[in-house]
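Worksheet: the structure to be examined is printed underneath.
There are 2 protein chains.
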Amino acid sequence: MAEVTLRDVARAAGCSVATVSRVLAGTRPVGAETARAVRAAADRLGYRPNEVARALRSRSTGTVGLVLPQITNPFFPSLVRELEHALHAEGRAVLLADCDDDPATEATRIAALLDRRVDALLLIPVDERRSRDAVAAAAARVPLVLLDRGCGPGVADSVAVDNAAGMALVLEHLAATGRRRPCFVGAAGTASAAVERRVAYAAGAAALDPAAPQRTVLGDFSVEWGRAAVDRIWSARPDAVVCANDLIAAGALQRLRQLGADVPGEVAVTGFDDVPLAGLADPALTTVRQPVAELAAEAARLLAHRPAAAPIPGPRRPVRTVRLAPELVVRGSSAPADGGSDPRTTP
Amino acid sequence: MAEVTLRDVARAAGCSVATVSRVLAGTRPVGAETARAVRAAADRLGYRPNEVARALRSRSTGTVGLVLPQITNPFFPSLVRELEHALHAEGRAVLLADCDDDPATEATRIAALLDRRVDALLLIPVDERRSRDAVAAAAARVPLVLLDRGCGPGVADSVAVDNAAGMALVLEHLAATGRRRPCFVGAAGTASAAVERRVAYAAGAAALDPAAPQRTVLGDFSVEWGRAAVDRIWSARPDAVVCANDLIAAGALQRLRQLGADVPGEVAVTGFDDVPLAGLADPALTTVRQPVAELAAEAARLLAHRPAAAPIPGPRRPVRTVRLAPELVVRGSSAPADGGSDPRTTP
DNA sequence: CTACCTCGGGAAAACGTTCTCCGGAAATTT
DNA sequence: AAATTTCCGGAGAACGTTTTCCCGAGGTAG
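Line by line, the protein sequences are chains H and F.
Residue numbering for the first sequence follows our numbering, beginning at 13 and increasing consecutively.
Residue numbering for the second sequence follows our numbering, beginning at 13 and increasing consecutively.
Written out as structure tokens, the structure reads:
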């Protein structure tokens, strides 16, 4: 009773293994009579196909590797969730790999997944530059879609939010609510989200007021940096602190409160990503929401449409890049100083 | 160049497939000369064993299924991370399944993982009662360890924090800092963490002051419920709100602030789990830290020591239950009303 | 009546490992 | 010196599918 195989079902149904396989996989028409008998037998014995054997024979494991920098980054869980659901809906399973924010670990994990013969990889690269080689190598072996962050031009298909558009939304909102002396707290390094957001800020701020001095400080995507950054900029008394993500913003908010600053009266604070804690901060954080569900759906779609590994490494197929529109979520942390409530404000 | 197999290596090394396998798997001593030749050939060709074929033949996929209720619950990511690292360190890969907090989905996911022939399952059950059948069935087929939440007595090995001890730490701390009229905001339902925490609260509160009336309200483990709960209890003016987890506590804190209550001066608030946002709340949340790394290590250890599925379903092996000691993390939300700072306070 | 399809079904060859036999050579024992 | 053990290595059978052949029966067309 330990393991019911095709042979057992065949024996019970009084036909050959091939026939059973055909009935169950629906791979070729089979006589109605036999089909019923087979299905009955399979049912009665509680047959469950061995996915491993199937994978070996058909050279497809029905498995997708999901590689991400750090599952503890609060932006990822909801993304993982959506991806898991999208893939499971197609009958594919998800092999998860956490890279500890380390490119070397990332390379190891990718190799392990390839050894396991994943059909495809979904990958959020740790670093735009230092992840490139491993990613390019992997992309040559299986369909691969980059998520959320890019990895150099032409390396692989990718899906991400339009960071520039998001930053523009923030700046526009701040300008519309009378903020005139914004200041940017970003992340250094070559991670594409970091780069795109700081470039977009610089461009947008300059467009709004070419005369204003640009005040920008760079650290990493952490709460600690948010706290530290405030100490570096508060002396200039900005009336808005634009942060490169919600973690930074949460840290900034905390420190500003400690310093006795009035948010949003004296200074507005904005984030990026709309992670769960954004709504819980006090005041609740105005931020840019990433369309997580669409991101996941689009990634799954790209995978499905990526014709399996080319038999001969022919002319490099052009990579596809999808940019999704973000949405501004206005909350208390950027309410107009005059106290007028924005209709879009969420509790 | 698409796929280097044992045969290719054997051909290149001038020996048989069996020998190559033996050298590479170190499964039987092989002549030094041949071994070198084989390794050289494997190296030169860039041979990588096909894990799928290996799995089929050796009846072990080197894969563990990780099934959890909702990856978006902020307590899980760090647990997932630790588990992933512990398992990858043993060369096992993690198949992730998210159940959307639904027992039916959970059953589906478990079945899918079993079809994929996972070597073992790590499972955080959605619900103590409604998950039981599926879990018991799975436990009969592969080694299975329950994490964080139980699933009825004798169903499977389990590892969890000692919720009673954690709740006792909280009550003791509150009593020591002069709180006399605590009130409990818990979660209804049969999830074991919910049950254990509310039972422990009731027991502990009664022990501290048998005369005091027990004030307890029950909802679920969400921020929204935390907010709503405050409206139900604030009229009784408790001097401490003990919450069943950090999400509830975060909601409670938020609502109390809206109501103009002074935390911690007028009322202390405590949580449970020590999720990342606990430290970010204002004031930072006093809570009970779960020893996540130990939890993961212990779970991995149980898996490793669980002798693979018994060939004959012999006498039910007694299940092992591990309870780990929690740690109280005192932060601002329960600072003594007199303003005296607790030495253990963390920023 | 012969020739040619179609249709349902079986035998058996893959897929890439691991592992059990087996056999010969060398080393050890009697 | 014969008998036994040890050591290396190869042939080939699994593992449980899918898929390619091939075959016979029945139908239709020439």
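Beta carbons are placed, not taken as given, at the ideal position from N, Cα and C, and that holds for glycine.
Check	Outcome
Through-space distance from H/Thr75 to H/Glu94, alpha-carbon basis	16 angstroms
Start-end ranges of the beta strand (DSSP E) lying completely within the stretch 218-301 of chain F, minimum 3 residues	228-231, 252-255, 280-282, 299-301
Paired residues, beta bridge with F/Asp330 - DSSP	Per the sequence presented here, residue 330 of chain F reads as Pro, with Asp not at that position. Answer by DSSP bridge pairing: none, since F/Pro330 is not bridged.
Assigned exposure category for H/Glu236 - 16 Cβ within 10 Å defines buried	exposed
Run of the alpha helix (DSSP H) containing H/Thr46, from where it starts to where it stops	44-57
Which of helix, strand or coil DSSP assigns to H/Gly178	helix
CA nearest to the CA of F/Leu315, picked from F/Glu102, F/Ala123, F/Thr299	F/Glu102
C-beta neighbour in chain F for H/Glu63, strict 8 angstroms	yes
Simplified DSSP assignment, three categories, for H/Gly351	In this predicted model, H/Gly351 has a pLDDT of only 44, less than 50, meaning its place in the structure is not dependable; the value taken from the coordinates is given anyway. It is coil, neither helix nor strand.
Pick from F/Thr299, F/Ala223, F/Ala49, F/Asp114 that is closest to F/Ala252, judged by C-alpha positions	F/Thr299
Presumed contact (8 angstroms Cβ cut-off) between F/Gly231 and F/Met179, rounded CB distance	Contact flag wrong, Cβ pair sits at about 17 angstroms.
Contact list for the stretch 217-241 of chain H against chain F, Cβ threshold 7 angstroms	Val235
Whole-angstrom C-beta distance between F/Arg60 and H/Asp127, which should lie under 8 angstroms	5 angstroms
Proximal chain H residues relative to F/Thr84, where beta-carbon distance stays under 8 angstroms	Pro89, Ser90, Arg93, Pro288
Span of the beta strand (DSSP E) around H/Val76	75-80
Cutoff 8 angstroms: F/Leu108 Cβ touching any chain H Cβ	yes
Residues near H/Ala177 in its chain [Cβ-Cβ closer than 7 angstroms; skip 5 each side]	Ala337, Pro338
Test item: CB-CB of F/Asp131 and F/Pro81 under 8 angstroms	no
Short CB-CB distance (under 8 angstroms) between H/Glu96 and chain F	yes
Three-state secondary structure (DSSP) of F/Asp127	helix
Whole-angstrom C-beta distance between H/Ala212 and H/Asn175, which should lie under 8 angstroms	6 angstroms
Cβ separation of F/Arg267 and F/Ile245, assumed to be a contact under 8 angstroms, to the nearest whole Å	With a Cβ gap of about 10 angstroms, F/Arg267 and F/Ile245 do not count as contacting.
Partner residues on chain H for F/Arg48, Cβ-Cβ distance less than 8 angstroms	The premise fails here: F/Arg48 is roughly 24 angstroms from chain H at the closest Cβ pair, so nothing lies under 8 angstroms.
Sub-8 angstroms separation of F/Ala261 and F/Leu297 beta-carbons	yes
Member of F/Asn257, F/Arg48, F/His185 whose CA lies at the smallest distance from the CA of F/Gly238	F/Asn257
Cα-Cα separation between H/Arg343 and F/Gly272, rounded to whole angstroms	20 angstroms
Environment of H/Thr39 [buried if 16+ CB atoms lie within 10 Å]	exposed
Three-state secondary structure (DSSP) of F/Ser143	coil
Residues that F/Leu158 contacts on chain H, provided the C-beta gap is smaller than 7 angstroms	In chain order: nothing, as chain H lies at least about 19 angstroms away.
Proximal chain H residues relative to F/Asp294, where beta-carbon distance stays under 9 angstroms	Leu265, Gln266, Arg269, Ala293, Asp294
Of the residues H/His100, H/Pro250, H/Leu125, the one placed nearest F/Ala123, counting alpha carbons only	H/His100
Spatial neighbours of H/Val363 in its chain, beta-carbon cut-off 7 angstroms, leaving aside the 5 residues before and after	Outside the shown range of chain H, which is 13 to 359, sits residue 363 of chain H, and nothing can be said about it.
Cβ contact (3+ pairs, closer than 8 angstroms) linking the stretch 59-73 of chain F and the stretch 81-91 of chain F	no
Buried/exposed call for H/His185, threshold 16 Cβ in 10 Å	buried
Short Cβ contact (8 angstroms threshold) for F/Ala311 with F/Leu159	yes
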